[in-house]
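Numbering (this note's numbering), first residue to last: 18 to 552. Heads up: the structure comes next, in structure tokens.
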């Protein structure tokens, strides 16, 4: 008998290991560079099918962590160009969230599949599993300074028809529906192999399809909203916007500094014949700060005067009297020069723009050569641009680098009055791989959540714009079709006038859906504790 038991345990372990690997591969495949978005409807099924009751809590968490690590490491492998150790360490930290989800599912939810009594039992596991997934995604916006990269909703960035739920729930609602579908399908697949006892009620295997059909019906309704409304697009007067990609290298030798400045100036001047009305430069558009460097301020002002249009640029300010840097977006008027007020990045990159707990761990400076920390901004700050064609004033809300992966930052910018969202970023640190595409996909989600066009200017790509319905209207590419190049383009931008001065439900009420998920999970946990006390 002992041999039979050992054989059963080995089979269970191999089944679990196979499930872990399959889930990681499927999850990786739904995001760029592969972008097989439809796999998002079934990627969790391998993790949901094994019988986790045969394993300890520690082993279940470990299996979940391994699956998460196998997903995250190849997903953010482009980060190795900056730090190999950091890439591995960040992948290990992010994998903890997958481990926690599988532990909750395997110990608290999956055993409930064996209890078919009650009308709501078939709905319990998919809904609670989806709610807990959303809670963990939301936690990644603030745990360890926050890195909410590649939430499930972003996997559908190239499927705008299913994004219409976002203005109501934010990206959280779409992530919830995708996990709900995964677990309902897994429950449906598993039920024929499970012995159900009791009489006087329908077996779960006959009831589960409705649990699948409801979230699919919601997505179908979302598609209906999209196709009905996208044909009724009410375009504004087009604004000709110049995108500049200087592809500046991050080298600080004097010869490189001069070459980088020359590239930015040349690519900007090349746009003059195409008559832009405003020019967008990426983050760190010049290798030296526009405030705190001799001559650069005058040079940028002269360039704007030559072009005859304003330049909105990402750049740095060095405030020598205070001994701090600020990563910002600056407005250069062709007649008035560099504006005194500018936007300061609110969400800084740890170990990239500041060293956490520098005072307490000074030895970190040995590995991270940041002599002075950047100072974070405290609020949204928008720029006003007068459209020559209509005479209307457009309020442009800037975001810098990975600020557009944080839903609340974009939401606060729109609440401050932004008509457009402008993302100035510099992805040249990360090579010519999937990083820029993954980053741009987050902007699609922000555009739909807020019903605002999103314009992006990258140092070497991704540059272009996304409309309020999540359609990528223009991706700036070279003659090879690559986003990674030095150059620029003038693109007409329009907005849907139906959303002028309109705030979506999500913009008004924020993360209400997350709090709803927290509430139902807490109710379930409290109910379980009370049940244990009574028994």
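Heads up, the beta-carbon is just placed ideally off N, CA and C, and yes, glycines get one too.
May I ask you to report which of helix, strand or coil DSSP gives residue 442? strand
**Prompt:** From what residue to what residue does the alpha helix (DSSP H) around residue 114 run?
**Reply:** 101-121
Indicate, with yes or no, if the ligand PLP has a heavy atom lying under 6 Å from the CB of residue 509.
For the structure depicted, the ligand PLP is absent and the ligand set is empty, with no information on it obtainable.
Tell me the DSSP bridge mates of residue 437? 413
Q.
Whole angstroms are fine: how far does the CA of residue 369 sit from the CA of residue 348?
A. Approximately 25 Å between the Cα atoms of the pair.
Residue ranges of each beta strand (DSSP E) within the segment 489-538, 3 or longer: 489-492 and 504-510
Between which two residues does the alpha helix (DSSP H) holding residue 343 run? Taken as a continuous stretch (DSSP letters only), residue 343 belongs to no alpha helix (DSSP H), being part of the beta strand (DSSP E) at 341-350.
request  = Assess, as a yes-or-no matter, whether the segment 179-191 is touched by the segment 250-257 under the definition of 3 or more beta carbon pairs within less than 8 Å.
outcome  = no
**Asked** Residue range of the beta strand (DSSP E) that residue 71 falls in?
**Response** No beta strand (DSSP E) contains residue 71, which DSSP labels as neither H nor E.
Open item on the list: Among 413, 115, 298 and 53, whose alpha-carbon lies nearest the alpha-carbon of residue 78?
Closed with: Comparing Cα positions, the closest option is 115.
**Prompt:** What's the gap between the Cα of residue 292 and the Cα of residue 478?
**Reply:** If you draw a straight line from the Cα of residue 292 to the Cα of residue 478, it is about 22 Å long.
Q. With C-beta atoms as the reference, is residue 39 less than 7 Å away from residue 63?
A. Result yes, Cβ atoms of residue 39 and residue 63 sit closer than 7 Å.
Pull up the distance between the alpha-carbon of residue 106 and that of residue 86, whole angstroms please. 10 Å
Of all Cβ atoms in chain D, is any one closer than 7 Å to the Cβ of residue 318?
In the displayed structure, chain D is absent; only one protein chain is listed.
Residue 334 - DSSP class collapsed to helix/strand/coil: strand
| How is residue 471 classed by DSSP in three states: helix, strand or coil? | Correct three-state label for residue 471: strand.
(Q) Using a 10 Å radius around the Cβ and a threshold of 16 neighbouring Cβ atoms, would you call residue 539 buried or exposed? (A) exposed
Practice item. Would you grab the beta carbon distance between residue 346 and residue 415 for me? Rounded to a whole angstrom, and I think it's under 8 Å. Key: 4 Å
Exposure of residue 133, with buried meaning 16 or more beta-carbon neighbours within 10 Å: At residue 133 the pLDDT is 45, less than 50, meaning the model places this residue with poor confidence and gives no usable figure here.
Tell me whether residue 257 sits in a helix, a strand or coil according to DSSP, three-state version. strand
Note to self: Between the alpha carbons of residue 585 and residue 130, how many angstroms are there, rounded?
What the structure shows: Since the displayed the chain opens at 18 and closes at 552, residue 585 lies outside it and no answer follows.
Beta-carbon gap between residue 196 and residue 139 smaller than 7 Å
no
Starting from residue 308, follow its DSSP beta bridges and name the residues at the other end. 334
If you follow the beta strand (DSSP E) that residue 202 is in, where does it begin and where does it stop? Counting along the chain, residue 202 falls outside any beta strand (DSSP E), though it belongs to the alpha helix (DSSP H) covering 188-207.
Cross-strand partners of residue 142 (DSSP beta bridge)
BP columns for residue 142 are empty, so no partner.
Give every residue of the same chain whose Cβ lies closer than 7 Å to the Cβ of residue 434, excluding the five residues on either side of it in the sequence, and list them in chain order. Taken in chain order, the residues that qualify are 399 and 412.
Taking 7 Å as the limit between beta carbons, can you name the residues of its chain near residue 210, skipping five residues before and five after? With a pLDDT of 44 at residue 210, under the threshold of 50, the modelled position of this residue cannot be trusted, and the question is left open.
query: Can you tell me the Cα-Cα spacing of residue 213 and residue 207, whole angstroms?
result: Interpretation of residue 213 is limited by its pLDDT of 41, a score under 50 that renders its predicted location unreliable; no figure is taken from the coordinates.
Bridge partners of residue 391, per DSSP? 342
- Task: Return the chain-ordered list of same chain residues with a C-beta closer than 8 Å to the C-beta of residue 280, the five sequence neighbours on each side being excluded.
- Result: 263, 264, 265 and 503
Tell me the rounded alpha-carbon separation between residue 287 and residue 356. 24 Å
inquiry  = Between residue 144 and residue 169, how many whole angstroms is the CB-CB distance? I'm expecting something under 8 Å.
reply    = Actually they are not in contact, since the Cβ atoms of residue 144 and residue 169 sit about 16 Å apart, beyond 8 Å.
* Can you say whether residue 410 is buried or exposed, counting buried as having 16 or more other CB atoms within 10 angstroms of its CB? => Residue 410 is classed as exposed because its beta carbon has fewer than 16 other beta carbons within 10 Å across all chains shown.
(Q) Using a 10 Å radius around the Cβ and a threshold of 16 neighbouring Cβ atoms, would you call residue 244 buried or exposed? (A) exposed
- Work out the CA separation of residue 397 and residue 155 for me, nearest whole Å. Taking C-alpha positions only, residue 155 is separated from residue 397 by approximately 21 Å.
- request: Between the Cα of residue 530 and those of 193, 34, 163 and 247, spot the shortest distance and give me the residue it belongs to.
  value: The residue among 193, 34, 163 and 247 with its C-alpha nearest the C-alpha of residue 530 is 193.
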